[in-house]
Amino acid sequence: MKKSQLSVLIFSLLSNIAIVMGSYRYLPERVAMHFNGAGNPDRYSDKLTASVLIGLLSMLPLLIACVFLLVGNKRENKRKANKSFTLCMSLLSIGLTSIVMISAMNEHATSGQFLFVVIGAFLIITGNDIPTFRNTAGNPYKQRRVQGFTYCLLGLIFIVSAFLPLVVAIFLCFFSFSGSLVVIALYTPKTR
Numbered sequence: 001m002k003k004s005q006l007s008v009l010i011f012s013l014l015s016n017i018a019i020v021m022g023s024y025r026y027l028p029e030r031v032a033m034h035f036n037g038a039g040n041p042d043r044y045s046d047k048l049t050a051s052v053l054i055g056l057l058s059m060l061p062l063l064i065a066c067v068f069l070l071v072g073n074k075r076e077n078k079r080k081a082n083k084s085f086t087l088c089m090s091l092l093s094i095g096l097t098s099i100v101m102i103s104a105m106n107e108h109a110t111s112g113q114f115l116f117v118v119i120g121a122f123l124i125i126t127g128n129d130i131p132t133f134r135n136t137a138g139n140p141y142k143q144r145r146v147q148g149f150t151y152c153l154l155g156l157i158f159i160v161s162a163f164l165p166l167v168v169a170i171f172l173c174f175f176s177f178s179g180s181l182v183v184i185a186l187y188t189p190k191t192r
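Take the sequence shown: its position 108, counted from the start at 1, is 108 in UniProt numbering, and no numbers get skipped.
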């Protein structure tokens, strides 16, 4: 396991602990823990137990990432895949903890918000990996850097838009996605 991957996992763990501890005082005394088929809560827990369980739940993706990193990575392609997998699991863990804590505080967190966070994390990871691809005549390094930066910026916009009203988020994501395609198309050299 590389030090950079270990530092990403430790940062994610500390971020999850900070999210749980920071939102503890805003939790109600009784937190809904189980919902029936109609979506109504039918089992409750006190806020200390709920915080501990949410913290343990947030460590599950990090544990999976640690297992994948410890299995071994002798091939170069697998090492690159492990880097992306570590980033993906770390962002998934932080996003999952944030959404669960928001819904535990009786705020209305929807699956759409979680989807925006997951798509944003995927775009950031993709943008982070684009500059590491091989040099080809039709795709030089400078162009890939711009593409990677554009994808990372687009991912951040998606994550921020998860916490905006839905109509604003959809328009913001649509226009930013269209703008990123225009930037990439303008920056791509013409081939004959």
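Note that the Cβ used here is the ideal one computed from N, Cα and C, for glycine as well.
> Between Ala121 and Asn40, what straight-line distance do the alpha-carbon atoms span, to the nearest angstrom?
Replying inline: 30 Å
>> Measuring only the C-alpha atoms, how far is Val183 from Phe116?
In response: 22 Å
> Beta-carbon separation of Asn16 and Ser93 under 8 Å?
Replying inline: yes
> Roughly how many angstroms lie between the CA atoms of Leu70 and Leu9, to the nearest whole one?
Replying inline: 13 Å
> Below 8 Å between beta carbons: does that hold for Tyr44 and Val31?
Replying inline: yes
>> Quick test of your reading: Leu164 and Leu172, contact by CB under 8 Å. State the CB separation rounded to the nearest angstrom.
In response: 7 Å
> Based on the DSSP secondary-structure assignment, which residues constitute the bridge partners of Arg30?
Replying inline: Asp46
> By how many angstroms is the C-alpha of Arg144 removed from the C-alpha of Ile130?
Replying inline: 6 Å
> Would a check of beta-carbon distances place Val160 closer than 8 Å to chain C?
Replying inline: Judged by its chain identifiers, the structure shown contains no chain C, having just a single protein chain.
> Would you call Thr150 buried or exposed, if buried means 16 or more other Cβ atoms sit within 10 Å of its Cβ?
Replying inline: buried
> Taking all protein chains shown into account, do 16 or more other C-beta atoms lie within 10 angstroms of the C-beta of Asn36, making it buried, or fewer, making it exposed?
Replying inline: exposed
>> By alpha-carbon positions, which one of Asn106, Met89, Ser98, Val100 ends up nearest to Ile125?
In response: Met89
> Whose C-alpha, out of Lys83, Ala18, Cys152, Gly127, is nearest the C-alpha of Gly55?
Replying inline: Ala18
> What's the gap between the Cα of Ile99 and the Cα of Ser176?
Replying inline: 23 Å
>> Let me confirm a value: Thr97 is counted as buried when at least 16 other C-beta atoms fall within 10 Å, else exposed. Which label applies?
In response: buried
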